[in-house]
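J.: Structure provided below as C-alpha cells; questions to follow.
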Amino acid sequence: MVLADELAKKQRSISVAEFFEKNKQMLGFDSPTRGIITTIKEAIDNSLDACEEAQVLPDILVSVRRVSNDVFRVVVEDNGPGIVPEKMPSVFAKLLYGSRFHQVRQTRGQQGIGISAAVLYAQLTTGKPTIVTSRTDAKNKAHTMSLVIKTETNEPEVLSHEEVDWILPHGTRVQLEFKSNIAARKKLIEYLKYTSIVNPHAKFRVEIEDEAFTFERVSSEVPPCPVAIKPHPYGIELGVLKRMTAASDLPLKEFLVESFSKVGEKTSLEICSSARLDPVVKVSTLDLESLNRLLDAMQTTKIPAPSASQCLSPITDELIVKGMEKEFELDFIKARTRPGNVYGGHSFIVEAAIGYGGKLPPEGNAILLRFANRVPLLYQQGACAITNAVQNVNWKAYGVSQSGLPTGPILILVHVAATSVPFTGESKDAIAAIPEIEREITLALQELGRDLKMFLSRRDRNKLQDDRARAICSVIPLIAAKVGEIVELPVPDTSLIEGRIMRRVVLKKSTAGGKIMIHIDNYTTKPQEISLYDISGDPAGDATIPPSFVSEMDGEYTKIWKFALASGEAFEVIYTGLGGGMIEMQGVAENLKVVVDLDV
Ligand SMILES: Nc1ncnc2c1ncn2[C@@H]1O[C@H](COP(=O)(O)OP(=O)(O)OP(=O)(O)O)[C@@H](O)[C@H]1O
C-alpha cells in the first residue's frame, strides 16, 4: 500500500536520550521546581554510593546559586574515590551507563540514568554544558571536562578537557546550570535533613543563595559497603536466564551452582531432575522449551532464601535514633531493625522508628518519612507501599488517634533496604505494593506501637497522679494553719509533706554518708538540667542527666552522682527511679537545695 511506503519513510529508531528528553517527567524532572531537587538528589546519591564503595566518611558540599533571573547553578562536590578521566564523559553524558545495574546488592543508584538525566535537563533548559572535575588520587592532577549529551545518538561530547590543580586529594565535583526556581527551597532543605538522618556518617555543607549551614555527622563509622551476591533462582525471568545460558559454556549442574546464590550440588541435581534435564548437558544448547522447564524447576524447588547480611546495609536502630535525635526534639523515640526477608528472590530488610511529642506539631497527620536504600522518598506518598502499610496499622490500639495516617505529635520513619527496590517508576518516588514488604513494615510498626503505648499510658497515669497531688497540696497549708490555731501551737512546716505528696523532692541527707536521695522518673529522653545550690541560694554546681541515663530510668533504677559544692565539699546524690511521675523537684536538705527541672 502507498500508505505503508509513506509510513516507512518516517519510521526510524529513537535514541534513549531523545526519549527521555521528551519524557523527562519519568525521571523526576516534571517541573523546574522539582528539577532542582532531582538534580541534587541524583548527585548526592552518587556521592554517597561512591564514598561507601571507597570506605571514606562522606564530606559533601551542596551549593545552589542564582546566576540570572531563572537560571541556577548547582554544585555538588564529594571526597569520594573520583572517576578516571576516560570514564568521565560516559558517566555524565550517556544515559544508561553505570556500574550498578548488574550488581545484586544494596545501592542508591541502580539504572545508570540519574546524573546523565540531570545533564540532559541542564542542556535542554539553558543549552549550557555540565562541568565536571574529578581526581582519583593525590599523585595525579584533577581533570576538568565540559560535557554535553548528543541526544540523537546518546553519546557524550567533550567540549573541553584540561588538567587542573585541585585542593581535594580525591573526589568529584559536578556543576550544572539549568532553568529553575527556588520555590522548593523548604523541600530541598527537608530532603537534605532526611538524607542526613539516614546517613548519620555523612557531613553535608549546604549553601543556598546567601544561606549557609551544615548537617553534621553523628557517627564516624563508614557503614560496610554491601557485597554483591549472585542472583537467587527465585528472582530470575526467562529472558535473563536465556541470556545467561547463551553466554556460558558450563554443563547444567555446574552452571546452576556457579551462577546462582544458595544453589549447592544437591539443590542443583534436584533442579535438573525436576526439569527432566541431563545435569551434564551444555546450557548453551538448551532450547526454549527446556529453558522454560528449567526456570519452572528453579522456582518450585525448595531453595533457602538469599542471605541479607552481606548484600544489605541497614542503618541499625541505634543510629536511626541518633539521626532522629539530631534533627528532632522528641519525648519518645524507638527504632527497630527487622530480620532480613525476601520477595521474589530479592533480599530486603525493613527498619522503622516512631518519635512522639517534643516539638512535633500537636495536631494533624503524622509526619511520615519514607526511605529506600538510605534515600528519602519525597514524592507520591499516596502511591507508596510504606504509606499503605502505615495506614493499615490499627493505631488506636496503641493509644494514637487515626484518620488514615495516625494523627497527633507523631513521626514515623520507615526504611526499606533491598538488593532491588521495587519502585513504581524510573523516578524512584514510591515503592510498589509488594505483600512481603508491606507485611514486614506492619510488623515493625506494631512492635514499635506497643512501646509507644506503654510510654503514653505511663505518661497519662503520671499526669493523673500529679493533678491529684496538686489538688491535695493546695489545701495542706490551710489545714496546717487551722490545726495550729486550734491546738494553739506554731504552724508546722508542711513543705516536706507537700514535697512527698507532689513527689517533688525526696531529700534525705542520710546520717551515714551525707547523701541526698532523689526519686525521679522520666517523661522525656532529653538531657535534664540539674542545679545545685547551697542553703543561702548560692550556686553549688550544675549537672546534666544525660538522656541515656534518663531513659534507662524505667522502673526501679538507682544511680549515684558525685558533685563538688562551691565550698569544695564533695557531695553524692542518689537518683532512684521508682516508676512514679515527677514534673519538678525542689527541696532543701540541710545545707543543700536541689532543683531538677524536668522539661515536659
Ligand atoms: N560522584 C561520583 N563518584 C564516583 N563515581 C560516580 C560519581 N557519580 C557517578 N559515578 C559513576 O557513574 C555511574 C553512573 O551514575 P548515574 O547517576 O548515571 O547512575 P546510577 O547512580 O548508577 O543509577 P541511577 O540511574 O539509578 O541513579 C555510577 O554507577 C558510578 O559508577
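The numbers in the UniProt record's numbering rise by one with no breaks, and the one at position 515 of the sequence shown is 515.
Backbone N, C-alpha and C fix where the C-beta goes; we use that ideal spot for every residue, glycine too.
Put Y379 into one of helix, strand or coil per three-state DSSP.
T.: Three-state DSSP puts Y379 in coil, outside helix and strand.
J.: Ignore the nearest five residues each way along the sequence and tell me which others in V257's own chain have a CB closer than 8 Å to its CB.
T.: Once the five neighbours on either side are set aside, the close Cβ partners of V257 are V263, G264, E265 and S268.
J.: Put K242 into one of helix, strand or coil per three-state DSSP.
T.: Reduced to three states, the DSSP call for K242 is helix.
J.: DSSP three-state label for R370, please.
T.: Three-state result, R370: strand.
J.: If you measure between the beta carbons of G171 and R135, is that distance less than 8 Å?
T.: Contact flag set, yes.
J.: Okay, do the stretch 172-186 and the stretch 64-83 touch, 3+ Cβ pairs below 8 Å being the bar?
T.: Because the criterion of three Cβ pairs below 8 Å is met, the stretch 172-186 and the stretch 64-83 touch.
J.: With distances taken from CA atoms, which of K10, E177 and L250 is nearest V280?
T.: Selected option, being the one with the closest Cα: L250.
J.: Residues in its own chain within less than 7 Å of K282 by CB, not counting five upstream and five downstream?
T.: Contacts found: D249 and P251.
J.: Could you check if Y356 belongs to the surroundings of ligand 1, using beta carbon to heavy atom distance under 7 Å?
T.: No, the beta carbon of Y356 sits no closer than 7 Å to any heavy atom of ligand 1.
J.: For T511, which residues from the same chain have a beta carbon less than 8 Å from its beta carbon, with the 5 sequence-adjacent residues on both sides left out?
T.: Low confidence applies to T511: its pLDDT is 33, below 50, so where it sits in the model is not reliable enough to give any reading.
J.: How many Å lie between K87 and I431 at the Cα?
T.: Straight-line Cα distance between these residues: approximately 32 Å.
J.: Does the distance from the C-beta atom of P200 to that of L319 stay below 8 Å?
T.: Contact: yes.
J.: Would you call the stretch 284-295 and the stretch 322-339 touching, i.e. three or more CB-CB distances under 8 Å?
T.: No, the stretch 284-295 does not touch the stretch 322-339.
J.: What does G355 pair with, by DSSP beta-bridge criteria?
T.: Answer by DSSP bridge pairing, in chain order: I333 and L411.
J.: For L478, is the classification buried or exposed, using 16 other Cβ atoms within 10 angstroms of its Cβ as the cut-off for buried?
T.: Exposed, because fewer than 16 other Cβ atoms sit within 10 Å of the Cβ of L478.
J.: What do you reckon, are the CB atoms on Q381 and R370 nearer than 8 Å?
T.: For Q381 and R370, yes; Cβs fall inside 8 Å.
J.: Quick one: what's K253 bridged to in DSSP?
T.: DSSP lists no partner for K253.
J.: Pick out the complete beta strand (DSSP E) segments inside the stretch 163-239, 3 residues or longer, and give them in chain order.
T.: Fully enclosed beta strand (DSSP E) runs of 3 or longer: 171-179, 203-208 and 211-215.
J.: Apart from the five residues on each side of it in sequence, which residues of its chain come closer than 6 Å, Cβ to Cβ, to P129?
T.: Only S146, L147, V148 and L159 meet the Cβ criterion.
J.: Inspect the beta-carbon positions of V342 and K230 and report whether they are closer than 8 Å.
T.: Going by C-beta atoms, V342 is not nearer than 8 Å to K230.
J.: Kindly indicate which three-state DSSP category M298 falls into: helix, strand or coil?
T.: Helix at M298.
J.: Can you tell me whether E42 sits near ligand 1, meaning its C-beta is under 7 Å from at least one heavy atom of the ligand?
T.: Yes.
J.: Does DSSP put V56 in a helix, in a strand, or in coil?
T.: Coil, per DSSP.
J.: Measuring only the C-alpha atoms, how far is C272 from A297?
T.: Near 8 Å, if we compare the C-alpha coordinates of A297 and C272.
J.: Report yes if the CB atom of Q106 is closer than 8 Å to the CB atom of T419, and no otherwise.
T.: Result yes, Cβ atoms of Q106 and T419 sit closer than 8 Å.
J.: Residue ranges of each alpha helix (DSSP H) run of no fewer than 4 residues wholly in the UniProt domain "Histidine kinase/HSP90-like ATPase" (31-182), ordered along the chain?
T.: Those alpha helix (DSSP H) runs which fall completely within the UniProt domain "Histidine kinase/HSP90-like ATPase" (31-182) and span 4+ residues are 32-54, 88-93 and 114-126.
J.: Do the stretch 161-168 and the stretch 179-191 meet, that is, are 3 or more Cβ pairs less than 8 Å apart?
T.: The stretch 161-168, when compared against the stretch 179-191, does not touch it at the 8 Å Cβ threshold.
J.: Let me check one thing: in DSSP terms, what residues is residue 601 bridge-paired to?
T.: Residue 601 lies beyond the residue range present for the chain, which begins at 1 and ends at 600; the question has no answer from this structure.
J.: So the alpha helix (DSSP H) N341 belongs to, where does it begin and stop?
T.: It is not in any alpha helix (DSSP H) - N341 instead sits in the beta strand (DSSP E) that spans N341 to Y343.
J.: Taking only the alpha-carbon atoms, compute the straight-line gap between S290 and L241 and give it to the nearest angstrom.
T.: Rounded to the nearest angstrom, the two C-alpha atoms are 11 Å apart.
J.: Please classify Q11: is it buried, with 16 or more other beta-carbons within 10 angstroms of its beta-carbon, or exposed?
T.: Flag for Q11 reads exposed.
J.: For the stretch 398-417 against the stretch 351-365, do three or more pairs of beta-carbon atoms, one drawn from each stretch, fall closer than 8 Å, so that the two count as touching?
T.: Short answer: they touch.
J.: Would you mind giving the Cβ-Cβ distance between L27 and A117, rounded to the nearest angstrom? I have them listed as a contact below 8 Å.
T.: Right, the Cβ-Cβ distance comes to about 4 Å (below 8 Å), so this counts as a contact.
J.: Cα separation between residue 603 and H102?
T.: Only positions 1 to 600 of the chain appear in this structure, which leaves residue 603 out of reach.
J.: Taking the alpha-carbon positions, what's the S403 to S261 distance?
T.: In a straight line, the C-alpha of S403 is about 44 Å away from that of S261.
J.: Residues in the same chain with beta-carbon distance under 6 Å from P492, minus the five sequence neighbours each way, listed in chain order, please.
T.: So the qualifying residues of the chain are A480.
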